[in-house]
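Visitor: Take a look at this one; I'll ask things after.
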Amino acid sequence: RMVAAGMGTLMLLGGLRPKGIADCIKVAVGIGQTLRESAIVFYKEHMAEPVLGIYQELFQTSHEAYEWREQARVSKESLKRMLTAFVKDRGLDKVHAVAAVSEGGKAAVGGAAVEG
4 RMVAAGMGTL MLLGGLRPKG IADCIKVAVG IGQTLRESAI VFYKEHMAEP
54 VLGIYQELFQ TSHEAYEWRE QARVSKESLK RMLTAFVKDR GLDKVHAVAA
104 VSEGGKAAVG GAAVEG
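If you read the sequence shown in our numbering, its first letter stands for residue 4, the second for the next number, and so on.
In structure tokens, the structure reads:
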């Protein structure tokens, strides 16, 4: 394939004249194949890969962000349950401690500061 295109280039650049219709056809086929291969490479590099990258950024990133938010929510609920159990086991003021933590403030629980 590339030999035919190379021969055609040599004939054109070197000033050689094709000897017959068969040589002209070889040159045309070689140029056509080279153009086809270049078009395929161009399509992949400048169209297909960028579109795929945009798709992945839009849909896979948002999915990961959703998973992160869901994990954070589950962790928050788990921490609240643990704090409630701790306060109950210690016989402390449950309402005060849980309210302070859920508001993001600090509450003194048994002499220790608890942050939310």
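For glycine and all other residues, C-beta sits at the position ideal for the given N, C-alpha and C.
(1) DSSP on Leu95, reduced to helix/strand/coil?
(2) Could you tell me the distance, in whole angstroms, from the CA atom of Arg93 to the CA atom of Val54?
(3) Who are the Cβ neighbours of Ala42 in its own chain at under 6 angstroms, not counting the five residues just before and after it?
(4) Which residue marks the beginning of the alpha helix (DSSP H) containing Gln36, and which one marks its end?
(5) What's the call for Val90, buried or exposed, on a 16-neighbour Cβ count within 10 Å?
(6) Spatial neighbours of Val77 within its chain, please: C-beta separation below 7 angstroms, excluding the five flanking residues on both sides.
(7) Just how far apart, CA to CA, sit Phe62 and Arg72?
(8) Output needed for Ala111: all residues of its chain with C-beta closer than 7 angstroms, excluding positions within five of it in sequence on either side, in chain order.
Guide: The short version:
(1) Along the sequence shown, read from residue 1 onward, the residue named residue 95 stands at position 92. Three-state result, Leu95: coil.
(2) Indexing the sequence shown from 1 puts residue 93 at position 90. Indexing the sequence shown from 1 puts residue 54 at position 51. Computed Cα separation, rounded: 58 angstroms.
(3) Mapped onto the sequence shown, residue 42 falls at position 39. So no residue of the chain qualifies.
(4) Along the sequence shown, read from residue 1 onward, the residue named residue 36 stands at position 33. Element bounds for Gln36: 24-46.
(5) By one-based count along the sequence shown, residue 90 stands at place 87. Buried, by the Cβ-count rule.
(6) If you number the sequence shown from 1, residue 77 lands on position 74. There are no such residues.
(7) Here residue 62 is taken as the residue at index 59 of the sequence shown, counted from 1. Here residue 72 is taken as the residue at index 69 of the sequence shown, counted from 1. C-alpha separation (whole angstroms): 16 angstroms.
(8) Locating residue 111 in the sequence shown gives position 108, where the first residue counts as 1. For Ala111, the predicted model reports a pLDDT of 46, less than 50, meaning its position is unreliable; a value from the coordinates is still stated below. Counting only Cβ-Cβ distances below 7 angstroms, and skipping sequence neighbours, we find nothing.
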